Structures are given as C-alpha cells and as structure tokens.
Amino acid sequence: MPRAGLMLVTGWLTVLFCAGAVQAAPAGPHAPDNPTQFAYLAEQLRKSPVHVSDQIPREVPRSTAPAFAREARRLGVPTYVMVLPHASYGTAADGLLAGVHDRLGRKGLYVALSDTGLEAAQAYGVDLPGTADAVTEAVYAVPYDATPREVFRHFVDVVTSGEAHERAEEARAAYDYGGTDEPPGLHTDTTERENQSFVTGIAVLGIPLSVLLVTVHALQRRRVRRAAAADGPVRVPGARGGPQGGGRTAGGGTTGSGRQQPGGGPGPFPRERLLPLMLGAAVLGGLVAFTASQIFDDTTSGDGTRPTAADMRARIDRVSAGLRRDPLYLDPESRSTLDGTERAHLRKRLRELDVPVVIAAVPTPPDDESGGSTELLAKQVHDRLHRDVLMVLADPATGVIELVNYSTRIDDSYLVDRPRDLAYTGPAEEQLGRHLDELLTYVDKAPRARTGGRPYDPPPAADPVEEKALPGLFTGDFEAGMVLGTFAAGLVFGLVAAARALARRLVRRGRPAGRGAGGAAVPAAPDRPTLSWLRRTARQDLDALTAALEASASLPEEARRRAWECLDAAALLVDGDSDGRIDADATPVGLTCAVVLARAGRTAIEEPAAARYVCHRNPLHGAARRRAPGRPSGGAARSLPVCEACRVAPGPVLRLRSAGSGGRGAYAPYPTLTGPLAALGDGTGIDQLTLDVREYFGVH
Numbered sequence: 000m001p002r003a004g005l006m007l008v009t010g011w012l013t014v015l016f017c018a019g020a021v022q023a024a025p026a027g028p029h030a031p032d033n034p035t036q037f038a039y040l041a042e043q044l045r046k047s048p049v050h051v052s053d054q055i056p057r058e059v060p061r062s063t064a065p066a067f068a069r070e071a072r073r074l075g076v077p078t079y080v081m082v083l084p085h086a087s088y089g090t091a092a093d094g095l096l097a098g099v100h101d102r103l104g105r106k107g108l109y110v111a112l113s114d115t116g117l118e119a120a121q122a123y124g125v126d127l128p129g130t131a132d133a134v135t136e137a138v139y140a141v142p143y144d145a146t147p148r149e150v151f152r153h154f155v156d157v158v159t160s161g162e163a164h165e166r167a168e169e170a171r172a173a174y175d176y177g178g179t180d181e182p183p184g185l186h187t188d189t190t191e192r193e194n195q196s197f198v199t200g201i202a203v204l205g206i207p208l209s210v211l212l213v214t215v216h217a218l219q220r221r222r223v224r225r226a227a228a229a230d231g232p233v234r235v236p237g238a239r240g241g242p243q244g245g246g247r248t249a250g251g252g253t254t255g256s257g258r259q260q261p262g263g264g265p266g267p268f269p270r271e272r273l274l275p276l277m278l279g280a281a282v283l284g285g286l287v288a289f290t291a292s293q294i295f296d297d298t299t300s301g302d303g304t305r306p307t308a309a310d311m312r313a314r315i316d317r318v319s320a321g322l323r324r325d326p327l328y329l330d331p332e333s334r335s336t337l338d339g340t341e342r343a344h345l346r347k348r349l350r351e352l353d354v355p356v357v358i359a360a361v362p363t364p365p366d367d368e369s370g371g372s373t374e375l376l377a378k379q380v381h382d383r384l385h386r387d388v389l390m391v392l393a394d395p396a397t398g399v400i401e402l403v404n405y406s407t408r409i410d411d412s413y414l415v416d417r418p419r420d421l422a423y424t425g426p427a428e429e430q431l432g433r434h435l436d437e438l439l440t441y442v443d444k445a446p447r448a449r450t451g452g453r454p455y456d457p458p459p460a461a462d463p464v465e466e467k468a469l470p471g472l473f474t475g476d477f478e479a480g481m482v483l484g485t486f487a488a489g490l491v492f493g494l495v496a497a498a499r500a501l502a503r504r505l506v507r508r509g510r511p512a513g514r515g516a517g518g519a520a521v522p523a524a525p526d527r528p529t530l531s532w533l534r535r536t537a538r539q540d541l542d543a544l545t546a547a548l549e550a551s552a553s554l555p556e557e558a559r560r561r562a563w564e565c566l567d568a569a570a571l572l573v574d575g576d577s578d579g580r581i582d583a584d585a586t587p588v589g590l591t592c593a594v595v596l597a598r599a600g601r602t603a604i605e606e607p608a609a610a611r612y613v614c615h616r617n618p619l620h621g622a623a624r625r626r627a628p629g630r631p632s633g634g635a636a637r638s639l640p641v642c643e644a645c646r647v648a649p650g651p652v653l654r655l656r657s658a659g660s661g662g663r664g665a666y667a668p669y670p671t672l673t674g675p676l677a678a679l680g681d682g683t684g685i686d687q688l689t690l691d692v693r694e695y696f697g698v699h
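According to numbering that gives the first Met the number 0, the sequence shown is numbered sequentially starting from 0.
Laid out in structure tokens, this is it:
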C-alpha cells in the first residue's frame, strides 16, 4: 500500500509537471522568445567589455570597438562601454545602466554612449572620482559634431586629469551661465568647406593681383619722379646773355614770356619689366593656394573612421537570420514594446495567415546601413531571405508601421486605402501590439490578387565614405571667390594709391624748411643729399628763381644783375646742351652748386643785402648773415660766413658723392671735391662763385 501510494503520487506529479511544461512552452517549435534588452546587452558585455551596436555603422562602425577598449584601459578600473542608437536608451540611460549591471553582476564603470554623445556613466563597486563631473563637463564642453569615440576620449581625459570638478565648473560657466550657446565645432562640414573655398578663391587671386597692381603703381611713380628729375624743364629767361636775352625753351626754342613748356611723361610701363612681375604674381598665387591647402587640409567631416563591408551588413545579417527562425523579430537592443502575451498572439496570427508575412520590429536611424530608408532596409532583408513575403517594418520607438509586398498575391491597394490603421505614430509602448494585430486582420481580409506585386527598387544609400568626404578646396565657391578677389584687388589698389598720395602730401606739408632772406621758405638742406634729391630740388629752385625774376618788375640794378648771373651760372652747371632740361649726366657737385646759386638768386631778389655770402659749412643753408671763426681747408683760423643756425651751433659740413662714382660712391666733404663749389669752403662770395663757374665753362 505505501509503495502503491508512492507510485500514484509520483504519477500525478509527472502529469502535473508535463502539463506545466506544455503551458510554458513556446508557441511553435521554431519560435523561441526574445531575451529582454537588459539581458541581451549584459550577455554582449560578458563576451566583450565594449559593445558597439550594428545599427549605426555610418557614425560608429562595430570595427571601432578596439579603439574604445584602448581608451577604457586608461581609466584603471573595469569599464563596460555600450554604444547604441539614441532611441535605444529611451528617457533614462541611467536606468539602462542599472539594469545591465544587475544582469551582468560585475563591478566597474558602466558608460552609455549614443550617436549623439555621452548619455550616462555610473560606477558600481569601484571608486573613480570625477565621474559625475566628467559627464557634466562633456555635456557642456564637447562640440556638437564630436563623434562618440571623440566624446569618450574626452571623457577619459577629464576623469584622469584630476581636475574634473574644476573643468566641469568652467564648462558650466562658459556655456551655461550667460556664456556662449555652445562650443565651436570640431570638424569641418560642407557649409564650412564652401566658406573655405570662397575665402581661398579671394586670396589666391586677390592677394597676387593686389601686389602686382601696387608694385606696378609704385614703380611707375618712381619712373615718373626720375623722369621729372632728369627731364624737368629749366626755365632760363635770360640765357647767358643777361636780362636782355630772350628766354630759352626746350629744344632751343623761345617764347615771348620765356616759359618752358613741360615735356612728355615717361610712357607706359615697359613690357619687358611687366612680364617678370606677372610671373612673380603667379608664383605668389601658387604659394597662397598651397598654404591654403595646408591650412584647410580636412578631407572628411568626421574623425576619419570608415565602416567596413562587414560593418554595413552586420544588422541585415542579424535581422535576416532572426526572421528565418521566427516570423516575428524584435530588436534586442531596443526597449521591448511587446509583452509575452502580445508576442505569442502575434506569432499565432502569423502562422494562421494563408500568405507569408513577417514582422521586424527594428528602428531605422539615419546612420544605419540604409541611411534611414525603410524601403531599402526591406529590400536588403528580402534579398537575404530569398522567398516571397509581405514584410512589415515597425519602429519600436515611434510605433510607425510600414508594409512592403514582395511577390505575395495580395491586393496592395486594399491595405493602402486604410492609412489610419497602417501608419501609426502613437506611443509604441501602449499601441504597437494592438496596431500590429489590426494590421494582420486587414491582411487576412484583403482580396487576393492573381499575381504577386513587387515594389520599385529604392535608390541606393549614399556611400558612407563619400557621405563624409568633403568637396575639394578648389571647387564650389572657389570661382566665386576669385571673382570677388578681382574686385577686392582693385579696391585695395585704390586705397593704397590714395593712402600714398595722402602720405606724400602730409610729408610735404610737415617737411622742415629753412628760412631764406626776408623770411622766404626754402626746402630742407640735408648734409648728405642724394642724387635724386639734388635733381628734384635743382629743378624746383630754378623754376622758382625764374618765376621770381619774371614777377619782379622793379629791382635795384645790383640785385637784378646778381640774380641773373646766378641763374645763368646755374644753367651752365646743369643744362650744358642748352635744351632747357637738367642734363642726365649732371654730377652731385654741379647739382649742388646750381641749387646754391638758385637760392642765392632768390635771396638777391627778396633781400639784396644778404645775397653776397652763403654758409661755408653747408652752402645749402642759404644766406650767411654772420661770421664765425673757422679753419678753411685745414689752414689758419679766420672769420668765415655762417648762417644763423651754424653760428649758434655749428652743423655738419656738407658731404657729397664724387662725380666719378656716378652718384653712388662714398660721401666726401664738398671743399675736397673738384669744381667751383669747393671755393665756398674758404668763404668765397656768390659773385666770385658765378665768375668761377663762367671761367670753368669758358664763358666770358
């Protein structure tokens, strides 16, 4: 009896156990239930401490997992990193980390990253100071275009710096409390590349053209000044014959008033000099272009990561394999929106339909292999399945449902005419199961077609490498920049020319001037004048003396004689061929003597009593009204004529370049040089100087 009772009890227990096993079994022999999100991610982290989702290969390829692992090792504690689409975290990434930690059961730092940045970081059972501050700092200070790998590297840098709290406060102050809206971008995007191309176009053409125009302008102005100094008219109203003679003009002609007509300009800029300048401008443009290519050297808008072919097909392979085993596939990385009862009910409905239908509840983020195209995702999965099927794609995050019919004999228009029940946007957690059940009801009721339909092939997704590649620097707005650079060069040239003209005018106004007899202003008197200064000053002073003689109707006979003799002697010194122009081979000594005589002639007109002597230290100082002790030519000391300034403080002796040096030799004291001018160093008067000049040239 006890044995029989034991057998009876054992039998009933066996029956009850089998009944329970049957009740808990899956709906079909090939329909295993999907694990939860926490369990799936914990299992992936158990295999490897870094899990990179296969749903965002364009932004974070799975092949970058070793790079995340290298950064994680710098923290010095066990670190588990998850990189998932942003939608996979829902509204609480911290809750996902806690759930994964509970399933994994390992101590360490758990980090959640997404395609938008750092979601959360939490330490479990390890002491890692600065973690929370590093998360805060990353939220504020990391540029918006930083890739997840760059965000994680920055996070590790802040944690290991030992200054996480300080950096978090600085970032919060800079980008939150009255600071700027966000940190500057880290990578060059297409819009910024267009701006770079535009600026490069302006610089490549604008800078060389500006330099060319300004250089040609400066050289042309220099030619004009030299031509004016060499060929400027010397008006000599009384040519060597005194005041009664007719005025000489250029070329030997005379006019009734004795005025010299100005000669022509230097002509256009020589072509043989322009060609080297243009070549130099072209070289400068090439250097600018090369420099720009080195500065704007970005070729991609990301961190240079390129997904492999395996990265791009990983999710398609996963989803296709899941649909081969089960017509209802739920993405294990996404939050579960269908409970066990809804999943079992949907599987039962799918088995009862007389047309093949599969449901894939997977998201389609913009960075997936299809570029966010559900049509392309459906085609790629169908190509792996190799069978006719009505494919239903449901987004577990948004609840949106789309259908793609691949050769099943069902009236597509019947389903399309019911958009209110086929395109849902309500909360997926509450409505996705019900909506999918309604969809299967429509499919069951849909009329059958004689032939199976097939959608149009969707356009291919953009190549992930070309999608990140930036256009060339010398494309796009580069040509528009060159056009603007041309106008900018013209503007710069105009501004430079105007500035030069204004500067010359201001310099002329501010140039120090000596005072001649009667307070008349005369140009400055340098102690080491250049050849160009002497030529320019000689032309100006001789013109001024000529004009003064013509304007003086009544002068004492002695003053008129001395002024005409000064003008005639000066003409002998600088106009040997009598063409009314300063000779091209006029020497510094001859030009200086002409300037001294011209100024002495003006002094004779304005203050006759002060026109007999000039300063022996520097005859360019003008009239000498005082005398002071001196040693002419190293001889005995005696009284010599000086100007007022040299009487108070003796100035430097005038030094000129020798005639044989072509105006380019060493400077020497003027009394040591050959010519009539040297006599002024001994205190010789102006009348004797004019006589010496006449004798020097053999004119009596």
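Heads up, the beta-carbon is just placed ideally off N, CA and C, and yes, glycines get one too.
The model shown is predicted, which means the values in this text are computed figures rather than measured ones.
DSSP places Pro628 inside the beta strand (DSSP E), whose first and last residues are 625 to 629.
Straight-line measurement puts the Cα of Leu376 at about 11 Å from the Cα of Pro458.
The beta carbons of Gly107 and Val80 sit no closer together than 7 Å. Take the alpha-carbon of Ala487 and the one of Phe295: they are about 22 Å apart. With 16 or more other CB atoms across the displayed protein chains lying within 10 angstroms of its CB, Tyr88 is buried.
Within the same chain, Arg305 come within 6 Å of Val464 by CB-CB distance, once the 5 residues on both sides are set aside. Close CB contacts of Glu58 within its chain, under the 6 Å cut and outside five residues either way in sequence, are with Asp114, Asp366 (chain order). Remark: C-beta atoms of Pro395 and Val357 do not approach each other more closely than 7 Å.
Per DSSP, reduced to three states, the secondary structure at Leu127 is coil, with no helix or strand assignment.
Put simply, the segment 606 to 620 touches the segment 644 to 657. At least three CB pairs are less than 8 Å apart. Between the segment 585 to 593 and the segment 606 to 615, the count of Cβ pairs shorter than 8 Å is below three; the stretches do not touch. No residue range can be given for Gly684, since it is assigned to no alpha helix (DSSP H) and is classified by DSSP as neither H nor E. Judged by DSSP in its simplified three-state form, Val210 adopts helix. In the three-state DSSP reduction, Tyr455 falls in the coil class, being neither helix nor strand. When beta bridges are read from the DSSP output, Ser113 appears opposite Leu83, Gly116. In this structure the segment 466 to 480 lies against the segment 196 to 211, because at least three pairs of beta carbons, one per stretch, are closer than 8 Å. When beta bridges are read from the DSSP output, Gly107 appears opposite Tyr123. Each residue's CA atom was taken as its position, placing Arg538 and Val203 some 44 Å apart.
For Glu351, the enclosing alpha helix (DSSP H) covers residues 339 to 351. Contact fails between the segment 331 to 338 and the segment 483 to 503, because fewer than three Cβ pairs, one in each stretch, are under 8 Å apart.
Between the alpha carbons of Gly629 and Leu530 lies a distance of about 29 Å. With contacts defined by Cβ atoms closer than 7 Å, Ala119 and Ala92 form a contacting pair. A straight line joining the alpha-carbon of Ile55 with that of Pro470 spans about 24 Å.
In the three-state scheme derived from DSSP, where H, G and I count as helix and E and B as strand, Leu548 is classed as helix. Shown here for Val213: same chain residues with a beta carbon closer than 7 Å to its own, the five before and five after excluded, namely Phe492, Val495 in chain order. In the three-state reduction of the DSSP assignment, Tyr441 falls in the helix class, which pools H, G and I. Contact between Glu181 and Val157 does not hold, since their C-beta atoms are separated by about 18 Å, which reaches or exceeds 8 Å. Classified as exposed, Val698 has fewer than 16 neighbouring CB atoms from the shown chains inside 10 Å of its CB. By the CB criterion at 7 Å, His381 and Tyr405 fall inside the cutoff.
Beyond the five residues adjoining it in sequence on each side, Arg449 comes within less than 8 Å, by CB distance, of Arg408 in the same chain, given in chain order. Secondary-structure assignment with DSSP links His50 through a beta bridge to Met81. Between Ala140 and Ala170, the gap from beta carbon to beta carbon is short of 7 Å. Going by C-alpha positions, Pro555 is about 30 Å away from Cys645. Assignment of beta-bridge partners to Thr63 by DSSP yields no partner.
Each of Thr586, Ala173, Glu605, Val641 was checked against the Cα of Arg559, and the nearest Cα belongs to Glu605.
Excluding five sequence positions before and after Gly684, the CB atoms of its chain that fall closer than 6 Å to its own CB belong to Arg611, Tyr612, given in chain order.
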